[in-house]
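Protein chains in written order, with the numbering used here: chain A, 1 to 114; chain B, 1001 to 1114; chain C, 2001 to 2114.
No residue lacks a Cβ here, since even glycine has one placed at the ideal position from N, Cα and C.
Computed from a predicted structure; not experimentally measured.
One structure below.
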Amino acid sequence: MPYIETKVSVAISKEKEQRMKERLGQAISLIPGKSEQWLMLRFEDNCRMYFGGTNDAPSAFVEVRILHDSTREAYESMTKAIMAILSEELAIDPARVYIKYSPGDDWGWNGGNF
Amino acid sequence: MPYIETKVSVAISKEKEQRMKERLGQAISLIPGKSEQWLMLRFEDNCRMYFGGTNDAPSAFVEVRILHDSTREAYESMTKAIMAILSEELAIDPARVYIKYSPGDDWGWNGGNF
Amino acid sequence: MPYIETKVSVAISKEKEQRMKERLGQAISLIPGKSEQWLMLRFEDNCRMYFGGTNDAPSAFVEVRILHDSTREAYESMTKAIMAILSEELAIDPARVYIKYSPGDDWGWNGGNF
Chain A
1 MPYIETKVSV AISKEKEQRM KERLGQAISL IPGKSEQWLM LRFEDNCRMY FGGTNDAPSA
61 FVEVRILHDS TREAYESMTK AIMAILSEEL AIDPARVYIK YSPGDDWGWN GGNF
Chain B
1001 MPYIETKVSV AISKEKEQRM KERLGQAISL IPGKSEQWLM LRFEDNCRMY FGGTNDAPSA
1061 FVEVRILHDS TREAYESMTK AIMAILSEEL AIDPARVYIK YSPGDDWGWN GGNF
Chain C
2001 MPYIETKVSV AISKEKEQRM KERLGQAISL IPGKSEQWLM LRFEDNCRMY FGGTNDAPSA
2061 FVEVRILHDS TREAYESMTK AIMAILSEEL AIDPARVYIK YSPGDDWGWN GGNF
């Protein structure tokens, strides 16, 4: 039940989106018990964003929502993977990227709650 | 102080939006102490979303943010109501919908915090 | 590591966005240990929003995500500042604004986690 929302200040082409979708689908396995089969993704591009008071360089915010909490080690591995994807696919400097992990105990799916 | 954000991969017509607004306004009473009078809603359509690695069928993510936590029973009832709305109004398969409940203790409104 | 997302039902001109960016950059210092140097912002305008069942007046939802929790006093001060910005820059009635504070212990930045 992970849901990853990727918000970036630059454009994401269809080709890049496809590539990022595939790479995030692999990366999610870094969090124990998670897999692409259960992963929901959303991409938002051309966001009106600022970091440190400026918008003269690209920036990104990624929120990783998951069912229940995981370990700091898993989150650390996931951060490295997401930063690599944003840097390699969209040329976004990791110093202008935040990733927030938001676990939650109450999730609905398919008519009921987990 | 509930805020429900509905993000879907399909289009939402003005008529459908109106209907969903009304139905969510009724459904929120399933959570004790909540009513449409205090409900804020946002709808986002045509989102670039994937579920299980695919985007060949509609999907949706709904986040229900509320002041303080509620009960699992209330969340379960709310999930059934939201799934019915998405299925009946937008033909979104409940197996491609996630709903996350995000309670919080610090909320501002009208110049102060609750 | 604060990230402030401002969602409003009205339009935000480039001039207003610039002004709100500057004012939020000052306001963030009301939360101990936070400064504009580490602040990420995003603005979304023309959102399809309802409050209390209506959309005949502007409304806004602001989420303040921060690393670790802060004090109720700090959040209260921040609420006053954000309400003033929305009222003065966009003429949004504070009675139609919600602000949610969402602290989190796991954040990634620049290739690692805090």
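{"Asked": "Alpha-carbon to alpha-carbon, Asp2056(C) and Val64(A)", "Found": "34 Å"}
{"Asked": "Proximity of Phe1061(B) and Met40(A) at Cβ, strictly below 8 Å", "Found": "yes"}
{"Asked": "Chain B contacts from the segment 79-108 of chain A (Cβ-Cβ distance under 9 Å)", "Found": "Ser102, Gly104, Asp105, Asp106, Trp107, Gly108"}
{"Asked": "Short CB-CB distance (under 8 Å) between Gln2026(C) and chain A", "Found": "no"}
{"Asked": "Collapsed DSSP secondary structure at Ala2081(C) in the structure displayed", "Found": "helix"}
{"Asked": "Distance CB(Gly2108(C))-CB(Tyr98(A)) smaller than 8 Å", "Found": "yes"}
{"Asked": "Simplified DSSP state of Leu2090(C), which is helix, strand or coil", "Found": "helix"}
{"Asked": "Segment contact, 8 Å Cβ cut-off, at least three pairs: the segment 1069-1077 of chain B with the segment 2086-2097 of chain C", "Found": "no"}
{"Asked": "Under the three-state DSSP convention, the category Ile2004(C) falls into", "Found": "strand"}
{"Asked": "Close Cβ partners of Pro1094(B) (< 8 Å) along its chain, the five nearest in sequence each way excluded", "Found": "Met1083, Leu1086, Ser1087"}
{"Asked": "Within-8 Å CB hit, Leu39(A) to chain B", "Found": "yes"}
{"Asked": "Listed by chain order, chain C residues near Tyr1003(B) by CB distance under 8 Å", "Found": "Phe2061, Tyr2098, Lys2100"}
{"Asked": "Limits of the unbroken beta strand (DSSP E) element including Leu2067(C)", "Found": "2060-2067"}
{"Asked": "Any chain D beta carbon closer than 8 Å to Arg2065(C)", "Found": "Absent from the structure: chain D. Protein chains present are A, B and C."}
{"Asked": "Backbone CA spacing between Arg1023(B) and Glu2044(C) [nearest angstrom]", "Found": "25 Å"}
{"Asked": "Test: Asn2113(C) CB closer than 8 Å to a CB of chain A", "Found": "yes"}
{"Asked": "Which residues DSSP lists as bridging Leu1041(B), in chain order", "Found": "Ile1004(B), Tyr2050(C)"}
{"Asked": "Beta-carbon proximity list for Ala27(A), same chain, < 6 Å, skipping 5 on both sides", "Found": "Ala81"}
{"Asked": "Cα-Cα separation, Thr2006(C) to Arg2042(C)", "Found": "6 Å"}
{"Asked": "Closest residue to Asp1106(B) among Arg1072(B), Glu1073(B), His1068(B), Lys1100(B) (Cα-Cα distance)", "Found": "His1068(B)"}
{"Asked": "Where Ser29(A) falls: helix, strand or coil (DSSP)", "Found": "helix"}
{"Asked": "Per-residue contacts from Asn2110(C) into chain A (C-beta, under 7 Å)", "Found": "Pro94, Ala95"}
{"Asked": "Exposed unless 16 or more other CB atoms sit within 10 angstroms - verdict on Pro1032(B)", "Found": "exposed"}
{"Asked": "Nearest-angstrom Cα separation, counted from Glu2036(C) out to Thr1071(B)", "Found": "38 Å"}
{"Asked": "Assigned exposure category for Ser2009(C) - 16 Cβ within 10 Å defines buried", "Found": "buried"}
{"Asked": "Beta carbon proximity, Gly1053(B) to chain A, threshold 8 Å", "Found": "yes"}
{"Asked": "Neighbourhood of Ser127(A) by C-beta, 8 Å cutoff - its chain only, sequence neighbours within 5 removed", "Found": "A question about residue 127(A) goes unanswered here, because the residues of chain A that appear run from 1 up to 114."}
{"Asked": "Residues near Ser2029(C) by beta carbon distance below 8 Å, same chain, minus five either side", "Found": "Ser2035, Glu2036"}
{"Asked": "For Lys2034(C), three-class secondary structure by DSSP", "Found": "coil"}
{"Asked": "Contact list for Met2049(C) against chain B, beta-carbon separation under 7 Å", "Found": "Met1040, Leu1041, Arg1042"}
{"Asked": "For Gln1018(B) and Ile2012(C), the rounded distance between their alpha carbons", "Found": "24 Å"}
{"Asked": "Sequence-distant residues of the same chain with beta carbon closer than 6 Å to Pro2002(C), five excluded per side", "Found": "Ile2028, Lys2034, Leu2039, Ile2066"}
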